[in-house]
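Undergrad: Using my numbering, the first residue of the sequence shown is number 1311, and each one after it goes up by one. Dumping the structure here so I can ask a few things about it.
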Amino acid sequence: MTIVTTVNVNGLRAAARKGFLPWLERTAADVVCLQEVRAEPDQLPDELRDPDGWHAYHAPSATRGRAGVSVFSRVAPAAVRVGFGSAEFDASGRYLEVDLPGDGTAGGSGPGITVGSLYLPTGEAETERQDAKYRFMAEFRRHLDALRDRAAAAGGHALVVGDWNIAPAEADLRNWRGNRKNSGFLPEERAWVADLLGAGGGWTDVVRELHPGADGPYSWWSYRGQAFDRDTGWRIDYHLATPKLAAAATTAVVERAATYAERWSDHAPVTVTYTV
């Protein structure tokens, strides 16, 4: 059994001041993928840079204070890769990939699992930021295709988790009517996700598969207004898995804080249990 959690921490040092470390001590996850770390490794205290009981890997952005992704694993990966071969984006702190032996747990055996932590650009409609998001999506799609094929050829599994910054369908955000012209719910973005999940894409949205027909479950709520209290959220944090791994998923839980005051990020951890 392998348990994987993804969460955008909205600044790891800030999250630590609000409760991230007690959460990390309690979690049953075997792998924790973080996005929007917003710190160089040397800026992190020891308990965040190299927490006890974890093998920690960090891919900061070349622009200090921006983006950044990390992976914490209870077992040492066989390989660690930063980026996906992009001249434009590999130094932007948006993708980190590890190859886990066996089932990803201590003493595990069986096919290996490649796990990627992704922070896809936010974008802004009709601006250069949106153009950059589309360029990232085009390059990353090629990586996803290659990763899928490599996992299949090796008889293993692949899983890409993180903040994808796109709500795939109307059920994935509360106020979809008011966001039809906003980045994150643009037709081109949703079509890109739909193609990934189609027959030619070969990827499965694990959370949606385990929560068919549900609103959400949302994983991000604005700090503005009463979005959290009213559950006016977006589902933008995914687990995208190759078919055999997706079929082995048994539970998918959004670890939503009990109250607004107990939040340590504007995102909630999304945790999936896989029986491999």
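Backbone N, C-alpha and C define an ideal beta-carbon position, used for all residues, glycine too. Keep in mind that this is a model prediction, so the values were computed, not measured.
Touching or not, the region 1418-1435 and the region 1443-1460, by the rule of three or more beta carbon pairs under 8 Å?
TA: These segments touch.
Undergrad: Closest Cβ-Cβ distance between Ser-1529 and chain D: below 8 Å?
TA: Chain labels in this structure do not include chain D; a single protein chain is all it has.
Undergrad: Drop a sphere of 10 angstroms on the beta-carbon of Ala-1501, count the other beta-carbons inside from all chains shown, and report buried for 16 or more, exposed for fewer.
TA: Burial call: exposed.
Undergrad: Tell whether a beta-carbon distance below 8 Å holds between Gly-1375 and Arg-1404.
TA: No, these two residues do not count as a Cβ contact at 8 Å.
Undergrad: For the alpha helix (DSSP H) that contains Arg-1451, what are its first and last residues?
TA: Residues 1438-1464.
Undergrad: Please specify which runs of the beta strand (DSSP E), each continuous and at least 3 residues long, are wholly inside the region 1350-1388, giving them in chain order.
TA: List check, beta strand (DSSP E) in window: 1365-1369 and 1379-1383.
Undergrad: Do Asn-1475 and Thr-1542 have their C-beta atoms closer together than 8 Å?
TA: Taking 8 Å as the Cβ cut-off, Asn-1475 and Thr-1542 do not qualify as a contacting pair.
Undergrad: Inspect the beta-carbon positions of Tyr-1548 and Val-1517 and report whether they are closer than 8 Å.
TA: Yes; because the gap between Cβ atoms is below 8 Å, this pair is in contact.
Undergrad: Along the chain, which unbroken stretches of the alpha helix (DSSP H) at least 4 residues long are found entirely within the region 1507-1572?
TA: With a minimum length of 4 residues, the continuous alpha helix (DSSP H) runs that stay inside the region 1507-1572 are 1516-1520 and 1553-1557.
Undergrad: In angstroms with no decimal places, state the Cα-to-Cα distance between Thr-1337 and Thr-1569.
TA: About 19 Å.
Undergrad: Throw me the rounded Cβ distance for the Gly-1282 and Thr-1581 pair, which I believe falls under 8 Å.
TA: No information on residue 1282 is available, as it lies outside the stretch 1311 to 1586 that the chain covers here.
Undergrad: So, helix, strand or coil for Leu-1496, using DSSP?
TA: Here Leu-1496 sits in coil by DSSP.
Undergrad: What residues are listed by DSSP as bridge partners for Asp-1473?
TA: Answer is Tyr-1429 and Asp-1547, bridged to Asp-1473.
Undergrad: Do Ser-1532 and Arg-1545 have their C-beta atoms within less than 8 Å of each other?
TA: Not in contact: Ser-1532 and Arg-1545 (Cβ atoms no closer than 8 Å).
Undergrad: Smallest Cα separation from Ala-1481: which of Ala-1571, Gly-1422, Pro-1522 and Ala-1504?
TA: Of Ala-1571, Gly-1422, Pro-1522 and Ala-1504, the residue nearest in Cα terms is Pro-1522.
Undergrad: Any contact between the region 1457-1470 and the region 1488-1507? By contact I mean 3 or more CB pairs, one from each, below 8 Å.
TA: No, the region 1457-1470 does not touch the region 1488-1507.
Undergrad: Can the beta-carbon of Cys-1343 be found less than 8 Å from the beta-carbon of Ser-1402?
TA: It is not a contact, given that the beta carbons lie outside the stated cut-off.
Undergrad: Do you know offhand how far Arg-1487's Cα is from Lys-1554's?
TA: Cα to Cα, the separation comes out at about 35 Å.
Undergrad: How many Å lie between Arg-1391 and Phe-1495 at the Cα?
TA: C-alpha separation (whole angstroms): 30 Å.
Undergrad: Going by beta carbon distance, what residues of the same chain come within less than 6 Å of Ala-1509, once the five residues before and after it are set aside?
TA: Excluding sequence neighbours, Ala-1509 sits near nothing in its chain.
Undergrad: Is Arg-1327 helix, strand or coil when you go by DSSP?
TA: Arg-1327 falls in the helix class under three-state DSSP.
Undergrad: Taking the alpha carbon of Gly-1321 as the reference point, which residue from Ala-1524, Val-1408, Leu-1358 and Thr-1583 has its own alpha carbon closest?
TA: Per the Cα distances, Leu-1358.
Undergrad: Shortest alpha-carbon distance to Arg-1327 belongs to which of Tyr-1584, Ala-1578, Arg-1573 and Glu-1350?
TA: Ranking Tyr-1584, Ala-1578, Arg-1573 and Glu-1350 by Cα distance to Arg-1327 puts Arg-1573 first.
Undergrad: Reducing DSSP to helix, strand and coil, say where Glu-1434 ends up.
TA: Glu-1434 falls in the coil class under three-state DSSP.
Undergrad: Does Arg-1336 come out as helix, strand or coil in the three-state DSSP assignment?
TA: Helix, per DSSP.
Undergrad: Using a Cβ-Cβ cut-off of 6 Å (strictly less than) and excluding sequence neighbours within five positions of Ala-1388, which residues of its own chain qualify?
TA: Counting only Cβ-Cβ distances below 6 Å, and skipping sequence neighbours, we find Asp-1409 and Pro-1411.
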